[in-house]
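Working notes for the structure below.
Numbering (this note's numbering), first residue to last: 43 to 150.
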């Protein structure tokens, strides 16, 4: 995913394609809750990973081309940290959904 989208980021408008990647990733995550079985869940989870990889090269190009050199490290650090904070908080969302009586599908 990242390899092909990094090549594409040289030829397509980055802001629009990053927004498209975010929307597709959101749709894929929401669709995980509707999977009827493990096979569909595994396929959709893999697709969702590819779609998530879709946006990262475009963000990198936006940071490098639109921000002054003095601010790039700060914003790149914030972007990298946001992924880790989301991964840290996700299990708490699943536990909270279970605490209020929702199934695993309710966390999506």
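Using N, Cα and C, we set each Cβ at its ideal position, and we do this for glycine too.
Query raised in the report: Contact between the stretch 93-107 and the stretch 55-71: three or more CB pairs below 8 Å?
Result: yes
Query raised in the report: Going by other Cβ atoms of all chains shown within 10 Å of its Cβ, with 16 needed for buried, is residue 125 buried or exposed?
Result: In this structure residue 125 is exposed. Its beta-carbon is surrounded by fewer than 16 other beta-carbon atoms within 10 angstroms.
Query raised in the report: At what residues does the alpha helix (DSSP H) containing residue 109 begin and finish?
Result: Where residue 109 is concerned, there is no enclosing alpha helix (DSSP H), given that its DSSP letter is neither H nor E.
**Report entry** Nearest-angstrom beta carbon gap, residue 72 and residue 86 [assumed within contact, 8 Å]
**Finding:** Rounded, the Cβ-Cβ distance is 10 Å, inconsistent with contact.
Query - Check whether residue 127 and residue 117 have beta carbons under 9 Å apart - result: no
**Report entry** For residue 76, the three-state DSSP class (helix, strand or coil)
**Finding:** In the three-state reduction of the DSSP assignment, residue 76 falls in the coil class.
Query raised in the report: Any idea what DSSP makes of residue 54, helix, strand or coil?
Result: DSSP places residue 54 in coil when its eight states are reduced to three.
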